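To start, the structure itself, in structure tokens.
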Amino acid sequence: TAANVRFTFWCSHPKFAVKALPMWKKKSIEVEWERSGGYQETERNPQLELLTPIPNQTFVVRMEVISSSDPSSIFFVVRNHGRQGDGISGHIDDDLIVAKSTYVRHHTVIKEFNNGARPSDSYIIVPCLQPPGSKAKCIITVTSLSDVFQLREVHAPEE
């Protein structure tokens, strides 16, 4: 898709300048709930793993519910250090949450986070759809200035 956009800016400051920002890189995955799980729970909620080797990298995570008429949604970004390729199970411990979106009654939620100077080698993104038992699909999109990151669906370990 292409578009031609024209912006006009007015400012009384004599040194006002406008500069283009770089395009952010993005990766998206569509996931689905047959029967969504509970709030801050992993059971019956999809999980996506974000792998990032670069310190102090800023990410914007976007969750868009695409097949529900009146969803309430939230997602959690959870530290998963040392467990690459493995999802998490059970209740999501508050101490492991790196970022969480606002809980909203809407199709789309967005949250920015920075992985810090000593990043985890793995983060798990857990989207939650309410009320529990709902059926829907959503698209998780992760954007960053660098495309040096991976995004993939993972599953909780078998018990």
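The sequence shown lines up with residues 18 to 176 when you count with this note's numbering. C-beta atoms are modelled at their ideal positions from N, C-alpha and C, and glycine is treated no differently. Quick caveat, the model's predicted, so the values are computed rather than measured.
Open item on the list: Leu65 and Val171 - do their beta-carbons sit closer together than 8 Å?
Closed with: Reading the sequence shown from its first residue, position 154 is the one you call residue 171. Reading the sequence shown from its first residue, position 48 is the one you call residue 65. Contact flag set, yes.
Task: Same chain, Cβ closer than 7 Å to Val143, neighbours up to 5 away in sequence not counted - done: For the purposes of this step, residue 143 is identified with residue 126 of the sequence shown, where counting begins at 1. Counting only Cβ-Cβ distances below 7 Å, and skipping sequence neighbours, we find Thr59, Asn62, Gln64, Phe92, Phe93, Val95, Ile109.
Open item on the list: Between the alpha carbons of Lys117 and Ala37, how many angstroms are there, rounded?
Closed with: Translated into the one-based positions of the sequence shown, residue 117 becomes position 100. Translated into the one-based positions of the sequence shown, residue 37 becomes position 20. Pairing Lys117 with Ala37, the inter-Cα distance amounts to about 29 Å.
Task: Coil, strand or helix - Leu162 by DSSP - done: As a working note, residue 162 is residue 145 in the sequence shown. Here Leu162 sits in coil by DSSP.
Task: Supposed close pair Thr160, Val77 - CB separation, criterion 8 Å - done: The residue labelled residue 160 in the question sits at position 143 within the sequence shown. The residue labelled residue 77 in the question sits at position 60 within the sequence shown. So it is a contact: roughly 5 Å between Cβ atoms.
- [ ] Would you kindly check if the distance between the Cβ of Lys152 and the Cβ of Glu51 is under 8 Å?
- [x] Locating residue 51 in the sequence shown gives position 34, where the first residue counts as 1. Locating residue 152 in the sequence shown gives position 135, where the first residue counts as 1. Yes, the Cβ-Cβ distance between Glu51 and Lys152 is below 8 Å.
Task: Contact under 8 Å by Cβ, Ser90 with Cys145 - done: Position 73 of the sequence shown, counted from the first residue, corresponds to residue 90. Position 128 of the sequence shown, counted from the first residue, corresponds to residue 145. With respect to Cys145, Ser90 sits close: the two C-beta atoms are nearer than 8 Å.
Open item on the list: Suppose only complete runs of 3+ residues qualify. What are the beta strand (DSSP E) ranges in the region 30-67, listed by chain order?
Closed with: With a minimum length of 3 residues, the continuous beta strand (DSSP E) runs that stay inside the region 30-67 are 42-50.
Open item on the list: Measuring only the C-alpha atoms, how far is Thr75 from Phe130?
Closed with: To locate residue 75, count along the sequence shown from 1; it is residue 58. To locate residue 130, count along the sequence shown from 1; it is residue 113. Straight-line Cα distance between these residues: approximately 6 Å.
Open item on the list: According to DSSP, Glu125 sits in a beta bridge with which residue or residues?
Closed with: Locating residue 125 in the sequence shown gives position 108, counting from the first residue. According to the sequence shown, residue 125 is Thr rather than Glu. DSSP, once it has assigned bridges, lists Glu81 as partnering Thr125.
Open item on the list: Checking 8 Å against the spacing of the C-beta atoms, do Pro174 and Ser53 come in under that value?
Closed with: Your numbering for residue 174 matches position 157 in the sequence shown. Your numbering for residue 53 matches position 36 in the sequence shown. Contact annotation: Pro174 and Ser53 have beta-carbon atoms that are not nearer than 8 Å.
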